[in-house]
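Order-wise, the sequence lines are chains A and B.
For reference, each letter of the first sequence is one residue, going 1 to 141 in the working numbering.
For reference, each letter of the second sequence is one residue, going 142 to 282 in the working numbering.
Heads up: the structure comes next, in structure tokens.
There are 2 protein chains.
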Amino acid sequence: MSFDLESFLPYRLNVAATRISRRFAALYEAEAGLTVPEWRVLAHLDRSGAVSVRDIHARVHLDKSMVSRAASRLEQAGLVQKSGHDRDRRLVALELTGQGRALMHRLSQIATGFQADLIAELGPEAGALDRALTRLSGGKD
Amino acid sequence: MSFDLESFLPYRLNVAATRISRRFAALYEAEAGLTVPEWRVLAHLDRSGAVSVRDIHARVHLDKSMVSRAASRLEQAGLVQKSGHDRDRRLVALELTGQGRALMHRLSQIATGFQADLIAELGPEAGALDRALTRLSGGKD
DNA sequence: TCGATGTCATTGCTGTTGCAACGACATTAA
DNA sequence: TTAATGTCGTTGCAACAGCAATGACATCGA
Numbered sequence: 001m002s003f004d005l006e007s008f009l010p011y012r013l014n015v016a017a018t019r020i021s022r023r024f025a026a027l028y029e030a031e032a033g034l035t036v037p038e039w040r041v042l043a044h045l046d047r048s049g050a051v052s053v054r055d056i057h058a059r060v061h062l063d064k065s066m067v068s069r070a071a072s073r074l075e076q077a078g079l080v081q082k083s084g085h086d087r088d089r090r091l092v093a094l095e096l097t098g099q100g101r102a103l104m105h106r107l108s109q110i111a112t113g114f115q116a117d118l119i120a121e122l123g124p125e126a127g128a129l130d131r132a133l134t135r136l137s138g139g140k141d
Numbered sequence: 142m143s144f145d146l147e148s149f150l151p152y153r154l155n156v157a158a159t160r161i162s163r164r165f166a167a168l169y170e171a172e173a174g175l176t177v178p179e180w181r182v183l184a185h186l187d188r189s190g191a192v193s194v195r196d197i198h199a200r201v202h203l204d205k206s207m208v209s210r211a212a213s214r215l216e217q218a219g220l221v222q223k224s225g226h227d228r229d230r231r232l233v234a235l236e237l238t239g240q241g242r243a244l245m246h247r248l249s250q251i252a253t254g255f256q257a258d259l260i261a262e263l264g265p266e267a268g269a270l271d272r273a274l275t276r277l278s279g280g281k282d
């Protein structure tokens, strides 16, 4: 029997993920000209307060280099403020500016709306998808 | 209320997808030194018989350029044979060589095993995930 | 037949990604 | 203190993705 890629779970998962990721990326690209890493950094900072690059790297599944570069761009754009940590001068303290917070306010509404549409589209399977994703994020590695 | 990326569906989906995609990619990388596009082309050819670049591009969510380059590399490696279409000389006819079929035989076992592990890991949510992915691949765009 | 338009595969180009190295700094042990 | 080791953020670099342009060929209409 030959192998059927169409029904192969990793493949299907990947296709679905990039598809909806792109749909959503188009929204915040239109709203604020953000890239994916920029969006993630911004979204994380909205919750975390002042935080280091390493911290974001660990939580948001972005390489350190991307966090660093995204943060620089966001700083240029006036959305993020970068300052030094008091005790440990290796660390950077990243936090949203007023402008950054204002943007995240708008973006979080867009995101919430997008997610609501998605859940509606999923119908009864939404809850199960949620649980499945939780499982897939649990294991080692 | 601030926005929580951790529970945002598109984000979670993306993280899960890249995570398991990498896990699996490590397997066929170890087995045959393949990249993602190469794997997809190979897997598709295993089912389809002789087929054009355009065809694969349409079915496998890969840019034409990547299909083309992957096919060239696979040809170099002796896994794929590239010939011209009889009627339409713009078209290329891609098909597996004996070596390619042999490799896909091994790979499809690895893939099937991997999927089985994944489904086991998912437990009762596996079926629902499947249905959810089907829904997510249905819509326009 | 001949031109206009369209399609196919390939190639170039540019921005993005992820890894590896680097320099600055911190921490620990002697 | 000083040396050794470890961690942090940044940068360099090479591989890769996606887009646009190209050239070869096909098709359609006059």
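Don't be surprised by glycine CBs; every beta carbon is placed ideally from N, CA and C.
So, residue i versus residue j, is the Cβ gap smaller than 8 Å?
i: alanine 158 (chain B); j: asparagine 14 (chain A); result: yes
i: alanine 25 (chain A); j: valine 36 (chain A); result: yes
i: leucine 103 (chain A); j: leucine 79 (chain A); result: yes
i: alanine 132 (chain A); j: leucine 263 (chain B); result: yes
i: isoleucine 260 (chain B); j: alanine 269 (chain B); result: no
i: alanine 77 (chain A); j: phenylalanine 144 (chain B); result: no
i: isoleucine 161 (chain B); j: leucine 62 (chain A); result: no
i: lysine 205 (chain B); j: glutamate 216 (chain B); result: no
Tell me whether residue i sits in a helix, a strand or coil according to DSSP, three-state version.
i: alanine 168 (chain B); result: The displayed chain sequence assigns leucine, not alanine, to residue 168 (chain B). It is helical.
i: histidine 61 (chain A); result: coil
i: arginine 228 (chain B); result: coil
i: threonine 35 (chain A); result: coil
i: methionine 66 (chain A); result: helix
i: methionine 1 (chain A); result: coil
i: serine 7 (chain A); result: helix
i: serine 249 (chain B); result: helix
i: serine 213 (chain B); result: helix
i: serine 162 (chain B); result: helix
Keeping to the same chain, check which residues put their C-beta closer than 8 Å to that of residue i; ignore five residues upstream and five downstream.
i: isoleucine 251 (chain B); result: Leu168, Tyr169, Glu172
i: serine 52 (chain A); result: His85, Leu91, Val92, Ala93, Leu94
i: glutamate 147 (chain B); result: Arg153
Spell out the partners DSSP gives residue i in its beta bridges.
i: glutamate 236 (chain B); result: B:Gln222
i: valine 51 (chain A); result: A:Leu94
What does residue i touch in chain A if you count any residue whose Cβ is under 8 Å from its own?
i: proline 178 (chain B); result: Within 8 Å Cβ-Cβ: nothing; proline 178 (chain B) doesn't reach chain A, min ~12 Å.
Tell me which same chain residues have a C-beta within less than 7 Å of the C-beta of residue i, skipping the five on either side of it?
i: arginine 214 (chain B); result: Glu179
i: alanine 191 (chain B); result: Ala234, Leu235, Glu236
i: glycine 113 (chain A); result: none
i: arginine 59 (chain A); result: His44
i: arginine 23 (chain A); result: none
For residue i, return the contacting residues in chain B, with the cut-off set at a CB-CB distance below 9 Å.
i: arginine 40 (chain A); result: Leu146, Tyr152
i: methionine 104 (chain A); result: Ser143, Phe144
Give me the chain A residues within the contact set of residue i, using Cβ-Cβ distance strictly less than 9 Å, ordered along the chain.
i: valine 284 (chain B); result: In the structure as shown, chain B starts at 142 and stops at 282, and residue 284 (chain B) therefore has no counterpart that could be examined.
i: arginine 188 (chain B); result: Ser2, Phe3, Asp4, Leu5, Glu6
i: valine 221 (chain B); result: In chain order: nothing, as chain A lies at least about 15 Å away.
For a contact defined as C-beta to C-beta under 7 Å, what are the partners of residue i on chain B?
i: glutamate 125 (chain A); result: Ala269, Arg272, Ala273, Arg276
i: valine 15 (chain A); result: His202, Ser278
Along chain B, in chain order, which residues have C-beta atoms closer than 8 Å to that of residue i?
i: valine 60 (chain A); result: Leu146
i: leucine 142 (chain A); result: Here chain A covers residues 1 to 141 and nothing more, so residue 142 (chain A) does not appear.
i: serine 21 (chain A); result: Pro151, Leu154, Asn155
i: serine 108 (chain A); result: Ser143, Phe144
Since residue i meets chain A, which of its residues come closer than 7 Å, beta carbon to beta carbon?
i: histidine 185 (chain B); result: Leu5
i: glutamate 236 (chain B); result: Here the premise fails: no neighbours, minimum Cβ distance about 13 Å.
i: leucine 259 (chain B); result: Leu9
i: alanine 252 (chain B); result: Phe3, Phe8
Given residue i, which residues of its chain have a CB within under 6 Å of its CB, disregarding the five upstream and five downstream residues?
i: aspartate 187 (chain B); result: Met245
i: glycine 100 (chain A); result: Leu79, Val80
i: alanine 211 (chain B); result: Pro178, Glu179, Val182
i: leucine 175 (chain B); result: Tyr169
i: histidine 57 (chain A); result: Lys64, Val67
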